[in-house]
Every structure is written in C-alpha cells, then in structure tokens.
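Undergrad: Just dropping this structure here.
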Amino acid sequence: MLLLQMFLAFFIPGILGYGGGPASIPLIENEVVGHYHWMNVTEFSNVLALGNALPGPIATKMAGYIGYQVGGTAGAFVALFATIAPSLILLIVLLQILYRFKDSPKVRRLTLMIRPIIVVMLGMMAWNFFTASNKASGWLPLILIGAASFVLMQRLKIHPAFVVAGALIIGAAFMG
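Just so you know, we're using the UniProt record's numbering here: the sequence shown kicks off at 1 and counts up by one.
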C-alpha cells in the first residue's frame with residue numbers, strides 16, 4: 001500500500017505540474033507534507049534546498065530522496081518512475097496531437113492562463129517556507145540569510161547552487 005501511495009504522491013504532481021519541476025514542487029509538497037505527512041515543511045524545505053544545490057532536474061532528485069527516506073530502495077524506484085511516467089506518457093501518446101495544434105490560438109491562450117497559476121503556487125510555497133523558517137529560527141537569521149543571498153546572487157552574480165550550499169553550511173553550523 002505504501003508503494004501505491006508513493007506512486008500516486010509523485011505521479012499526480014507530474015500530471016498536473018505543467019511547466020516542469022518548479023511547477024510541480026508545490027504539488028509534491030502538498031502530497032508529501034499535507035496529504036501523507038511523510039515530512040514536515042522544514043524537512044521538505046531542506047530536501048528542496050539540497051535538490052537545488054545538485055545538478056539535474058529538481059523533481060526527480062526530490063522523488064528519489066523522499067522515496068528512499070519513506071520506502072527504501074523500492075520507494076526510491078517507485079517515486080522516480082512515478083515522476084517521469086507522466087512525461088513519458090505525454091511524449092509517447094500526445095506529442096503528435098500537440099504538434100498538430102501548436103499554433104492554435106486556444107492552445108496559446110491556455111498556456112498564458114496557466115502561468116499566473118504557477119506563480120501563485122510558487123508564492124504560496126515560498127510563504128510556507130518563510131513562516132516555517134521564522135518559527136524555527138526567528139526573524140534575524142531569516143533576514144540576514146535572505147539579504148546575503150540577494151546580494152550574492154544579484155549583485156555579485158554568484159551561482160545559486162553555491163549560495164544554497166553556503167546557507168546549508170551556515171544553518172548546520174549555527175542553527176542546528
């Protein structure tokens with residue numbers, strides 16, 4: 001039963017997460033944290049931060065890690081397969097149909113209408129991380145890490161992976 005739940009927890013966000021990994025992350029969070037309670041928001045945000053620090057698609061890295069944490073090797077395999085299965089189905093079955101209607105005004109409008117929904121979902125996820133971080137460590141570390149991250153990425157043009165890795169190290173050293 002756990003493996004079926006794991007499959008559904010990653011397959012459904014893969015189907016509904018139009019736009020790739022960033023669009024499916026809030027959906028994965030809803031399943032993992034809200035529906036099945038395999039992790040809390042803090043643990044999920046740590047997995048997300050670690051996944052962002054590593055190269056490759058974020059959703060598959062998170063699925064592999066969460067799957068392994070919850071269900072061992074079989075859980076990791078099921079979660080990874082469930083994450084990539086929607087893309088495989090889309091490529092195999094629907095690619096010809098989408099290609100035929102790619103210039104349709106209705107398809108273009110649909111794509112434009114989905115973008116704001118993704119932005120709202122990412123904003124809600126960021127707010128959940130913000131409130132969980134505030135509860136865990138307070139305002140001062142939250143503001144300092146946020147400001148330092150902004151300066152490092154926007155002003156000094158340091159790659160976000162290095163900033164995330166640095167924040168993880170600081171968090172482990174001073175807040176853990």
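Even glycine gets a Cβ: it sits at the ideal position worked out from N, Cα and C. Only a predicted model underlies this, so the values are computations on that prediction, with no experimental measurement involved.
Which residue from Ala-161, Ala-173, Ala-167 puts its Cα closest to that of Ala-53?
TA: Ala-161
Undergrad: Does DSSP classify Asn-40 as helix, strand or coil?
TA: Asn-40 falls in the coil class under three-state DSSP.
Undergrad: Whole angstroms are fine: how far does the CA of Val-93 sit from the CA of Ser-149?
TA: 42 angstroms
Undergrad: According to DSSP, is Ser-133 part of a helix, a strand, or is it coil?
TA: helix
Undergrad: Please confirm if the region 54-69 is in contact with the region 6-18, defined as three or more CB-CB distances below 8 angstroms between the two stretches.
TA: yes
Undergrad: Please go through the same chain and pick out, in chain order, the residues whose beta-carbon is closer than 6 angstroms to the beta-carbon of residue 178, but skip the five residues on each side of it.
TA: No answer is possible for residue 178: the residues shown for the chain start at 1 and end at 176.
Undergrad: In chain order, which alpha helix (DSSP H) runs of at least 4 residues are fully inside the region 30-104?
TA: 41-53, 58-89, 95-100
Undergrad: Checking 8 angstroms against the spacing of the C-beta atoms, do Phe-129 and Val-47 come in under that value?
TA: Using a Cβ distance threshold of 8 angstroms, Phe-129 and Val-47 do not count as a contacting pair.
Undergrad: Tell me which residue opens and which closes the alpha helix (DSSP H) that Gly-146 is part of.
TA: 139-150
Undergrad: What residues in its chain sit with their C-beta under 6 angstroms from that of Ala-23, if we drop five residues either side in the sequence?
TA: Gly-17, Ile-118
Undergrad: For a quick check, are the C-beta atoms of Gly-14 and Thr-83 less than 8 angstroms apart?
TA: yes
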